[in-house]
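In my numbering, the protein residues as written are 1 to 411.
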């Protein structure tokens with residue numbers, strides 16, 4: 001079997017940002033950062049490092065930044081044999097699919113007028129699991145079915161990116177074009193020079209980010225740097241989840257991206273009575289496309305332009321192409337433009353004897369209006385604990401965590 005030598009990176013791509021050489025710096029004494037707890041575990045130290053990194057990103061996330069509100073994102077999933085490794089429980093594939101299900105739900109919760117698609121690469125090939133769509137149920141169903149997928153061969157980074165680029169390059173200029181690669185393997189088997197493809201991705205303004213499950217790979221570093229994306233390698237499952245959630249918020253738009261007014265329709269949900277003689281049962285466009293039950297119904301959302309019927313929003317009309325949304329969908333996309341201010345962490349002892357005396361947590365955060373925040377909530381905009389007189393309401397990761405971690409007076 002003949003082996004092909006890997007293509008070297010072009011000179012212009014091989015130039016990394018200048019930084020101090022390791023032997024020119026002083027001793028960092030990194031071993032002093034690691035501290036064991038009473039049981040000899042390093043879990044508390046790792047959680048503290050991750051929390052500080054999260055706080056740093058929040059401080060760097062400023063408002064008044066131009067963002068791509070309408071996003072088109074392809075998620076590339078490595079399906080090679082390395083996904084059967086069990087360093088993530090029960091294995092890398094199952095853990096990845098479970099986290100991606102949560103990612104898809106959060107993505108559409110905070111980006112309701114955006115679209116996402118799934119690509120899997122294995123055995124030197126790449127194929128689409130789902131097309132670009134705003135239907136979260138469709139993607140979650142595909143991810144659940146992929147649990148039984150047979151992991152084999154090597155991934156092909158070239159074929160995956162090329163497949164995504166063929167669709168994304170036709171997207172309107174006012175939308176963001178993104179690819180998120182979840183790469184487990186340390187190798188890629190490509191049919192051509194991938195550095196030529198990186199130039200094409202940069203030319204059509206496709207932003208590629210990579211999450212590595214093993215170790216840093218040189219080609220991924222160049223790929224992320226040249227296309228304006230990010231590249232991180234996970235530490236554990238919690239860090240993996242945090243890196244995925246980092247891609248839920250829309251990235252800053254480039255200065256050369258187009259500005260355009262988008263026509264949108266705001267249909268109201270109408271329900272006809274069975275006693276109404278003029279009521280005419282009809283199929284929705286989604287049911288006709290997917291051949292799914294139920295069949296004829298009386299109510300639904302009707303496109304104000306062509307009167308096509310749909311069961312849920314948001315959706316792009318199949319007949320006239322008008323984007324159909326509701327006001328809350330725009331509001332959920334709009335809130336990214338005005339993020340919450342950075343919080344200041346304070347020990348709980350400072351609030352003993354006040355209205356926070358019944359809030360049982362180790363630490364909390366405050367903002368300028370002296371409201372109390374919990375850093376253990378699901379995402380940044382849900383970290384708000386609204387304090388109204390003596391009442392404290394809030395969100396935590398789960399109802400059980402709400403009872404065990406945070407006890408609120410009056411709830």
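No residue lacks a Cβ here, since even glycine has one placed at the ideal position from N, Cα and C. Owing to the predicted nature of the structure, the values given are computational and were not obtained by experimental measurement.
With DSSP as the reference, please indicate the residues paired to residue 191 in a beta bridge.
Within the chain shown, residue 191 is the residue found at index 191, counting from 1. Residue pairing from DSSP leaves residue 191 without any beta-bridge partner.
If distances are taken between C-alpha atoms only, which option among 123, 213, 140 and 261 comes closest to residue 241?
Counting from 1 along the chain shown, the entry for residue 241 is found at position 241. The candidate whose alpha carbon is nearest that of residue 241 is 213.
At which residues does the alpha helix (DSSP H) containing residue 138 begin and terminate?
Walking along the chain shown from the start, residue 138 turns up at place 138. Looking at the DSSP string, the run of the alpha helix (DSSP H) that includes residue 138 is 136-145.
With DSSP run on the structure shown, which of helix, strand or coil describes residue 282?
By one-based count along the chain shown, residue 282 stands at place 282. When secondary structure is reduced to three states using DSSP, residue 282 falls in the strand class.
Just to check my reading of the structure: residue 216 and residue 185 have Cβ atoms closer than 8 Å, yes? What is that Cβ distance to the nearest angstrom?
As a working note, residue 216 is residue 216 in the chain shown. As a working note, residue 185 is residue 185 in the chain shown. Wrong, their Cβ atoms sit about 13 Å apart, outside the cutoff.
For residue 84, which residues in the same chain have their Cβ closer than 8 Å to its Cβ, ignoring the five residues on either side in sequence?
Working through the chain shown from its first residue, we reach residue 84 at position 84. The residues are 91, 92, 93 and 151.
Quick one: grab the DSSP three-state call for residue 308.
Counting from one through the chain shown, the residue named residue 308 turns up at place 308. Of the three classes helix, strand and coil, the one that applies to residue 308 here is coil, per DSSP.
Alpha carbon to alpha carbon, what distance is there between residue 55 and residue 369?
Along the chain shown, one-based indexing puts residue 369 at 369. Along the chain shown, one-based indexing puts residue 55 at 55. Confidence at residue 369 is low in this model, with a pLDDT of 46, below 50, so the placement of that residue is unreliable and no value is reported for it.
Would you list the residues sitting across from residue 176 in a DSSP beta bridge?
The count along the chain shown starts at 1 and reaches residue 176 at position 176. Paired residue(s): 71.
Whole-angstrom C-beta distance between residue 96 and residue 182, which should lie under 8 Å
Start at 1 with the first residue of the chain shown, and residue 182 comes out as number 182. Start at 1 with the first residue of the chain shown, and residue 96 comes out as number 96. Correct: roughly 6 Å between the Cβ atoms.
In three-state DSSP terms, what is residue 110?
Walking along the chain shown from the start, residue 110 turns up at place 110. Note: residue 110 maps to helix in three-state DSSP.
DSSP-derived helix/strand/coil call for residue 325
Taking the chain shown and counting its residues from 1, one reaches residue 325 at position 325. Look at residue 325 here: in three-state DSSP terms it is coil, with no helix or strand label.
If you follow the alpha helix (DSSP H) that residue 226 is part of, which residue opens it and which one closes it?
Translated into positions along the chain shown, residue 226 becomes position 226. Taken as a continuous stretch (DSSP letters only), the alpha helix (DSSP H) holding residue 226 covers 218-227.
Span separating the alpha-carbon of residue 190 from that of residue 312
For the purposes of this step, residue 190 is taken as the residue at position 190 of the chain shown. For the purposes of this step, residue 312 is taken as the residue at position 312 of the chain shown. Those two C-alpha atoms are separated by around 41 Å.
Return the chain-ordered list of same chain residues with a C-beta closer than 6 Å to the C-beta of residue 169, the five sequence neighbours on each side being excluded.
Looking up residue 169 in the chain shown gives position 169. Excluding sequence neighbours, residue 169 sits near 204.
Length of the line joining the Cα atoms of residue 50 and residue 239
Here residue 50 refers to the residue found at position 50 of the chain shown. Here residue 239 refers to the residue found at position 239 of the chain shown. Roughly 7 Å separates the two Cα atoms.
Could you give the DSSP three-state label for residue 47: helix, strand or coil?
Taking the first residue of the chain shown as 1, we reach residue 47 at position 47. Here residue 47 sits in helix by DSSP.
Can you give the beta carbon distance from residue 176 to residue 307, rounded, assuming they're within the 8 Å contact cut?
To locate residue 176, count along the chain shown from 1; it is residue 176. To locate residue 307, count along the chain shown from 1; it is residue 307. That pair is no contact at about 31 Å.
So what's residue 37 in DSSP terms, helix, strand or just coil?
Numbered from its first residue, the chain shown carries residue 37 at position 37. Residue 37 falls in the coil class under three-state DSSP.
Boundaries of the beta strand (DSSP E) in which residue 232 is found, first to last residue:
What you label residue 232 is simply residue 232 of the chain shown in a count that begins at 1. 231-233 is the span of the beta strand (DSSP E), which, as asked, contains residue 232.
Cα-Cα separation, residue 244 to residue 69
Position 244 of the chain shown holds residue 244. Position 69 of the chain shown holds residue 69. Rounded to the nearest angstrom, the two C-alpha atoms are 18 Å apart.
As assigned by DSSP and simplified to three states, the class of residue 53:
Here residue 53 is taken as the residue at index 53 of the chain shown, counted from 1. Note: residue 53 maps to helix in three-state DSSP.
For the beta strand (DSSP E) containing residue 132, name the first residue and the last one.
Along the chain shown, one-based indexing puts residue 132 at 132. It spans 125-133 - the beta strand (DSSP E) in which residue 132 sits, taken as one unbroken run.
Skipping 5 residues on each side, what residues in its chain have a beta carbon closer than 6 Å to that of residue 315?
Position 315 of the chain shown, counted from the first residue, corresponds to residue 315. Closer than 6 Å at the Cβ level, and outside the excluded window around residue 315, lie 324.
Can you give me the C-alpha to C-alpha distance between residue 228 and residue 330, rounded to a whole angstrom?
The sequence position of residue 228 within the chain shown is 228, counting from 1. The sequence position of residue 330 within the chain shown is 330, counting from 1. Their backbone Cα atoms lie some 26 Å apart in a straight line.
Proximity below 8 Å, CB of residue 76 to CB of residue 179:
Your numbering for residue 76 matches position 76 in the chain shown. Your numbering for residue 179 matches position 179 in the chain shown. Cβ atoms of residue 76 and residue 179: closer than 8 Å.
My understanding is that residue 210 touches residue 231, with C-beta atoms under 8 Å, so please give their C-beta distance in whole angstroms.
Here residue 210 corresponds to residue number 210 of the chain shown, with the count starting at 1. Here residue 231 corresponds to residue number 231 of the chain shown, with the count starting at 1. Taking C-beta atoms under 8 Å as the contact rule, residue 210 and residue 231 qualify, at a distance of about 5 Å.
With DSSP as the reference, please indicate the residues paired to residue 316 in a beta bridge.
The sequence position of residue 316 within the chain shown is 316, counting from 1. Beta-bridge pairing links residue 316 to 323.
Only counting the same chain, and skipping five residues up and downstream in sequence, which positions put a Cβ closer than 7 Å to that of residue 37?
In the chain shown, the residue the question calls residue 37 occupies position 37. Excluding positions up to five away in sequence, the list reads 44.
So, helix, strand or coil for residue 86, using DSSP?
Here residue 86 corresponds to residue number 86 of the chain shown, with the count starting at 1. Residue state, collapsed to three classes: coil.
Let me know the secondary structure DSSP gives residue 104 once reduced to three states.
Taking the chain shown and counting its residues from 1, the one referred to as residue 104 is at position 104. In this structure, residue 104 counts as helix in the three-state DSSP scheme.
Specify the secondary structure class of residue 163 as computed by DSSP and reduced to three states.
The residue you call residue 163 lines up with position 163 of the chain shown. If DSSP states are grouped into helix, strand and coil, residue 163 belongs with the helices.
Given this structure, state the Cα-to-Cα distance separating residue 327 from residue 133, to the nearest angstrom.
Within the chain shown, numbered from 1, the residue matching residue 327 stands at position 327. Within the chain shown, numbered from 1, the residue matching residue 133 stands at position 133. So the alpha carbons of these two residues sit roughly 20 Å apart.
Rounded to whole angstroms, what is the Cα-Cα separation between residue 412 and residue 147?
The question about residue 412 has no answer here: the residues shown for the chain are numbered 1 through 411.
Helix, strand or coil for residue 263 per DSSP?
Here the question's residue 263 lines up with position 263 in the chain shown. Coil at residue 263, not helix or strand.
Quick check on DSSP: helix, strand or coil for residue 239?
The residue given as residue 239 occupies position 239 in the chain shown. In the structure shown, residue 239 sits in a helix (DSSP, three-state: H, G or I).
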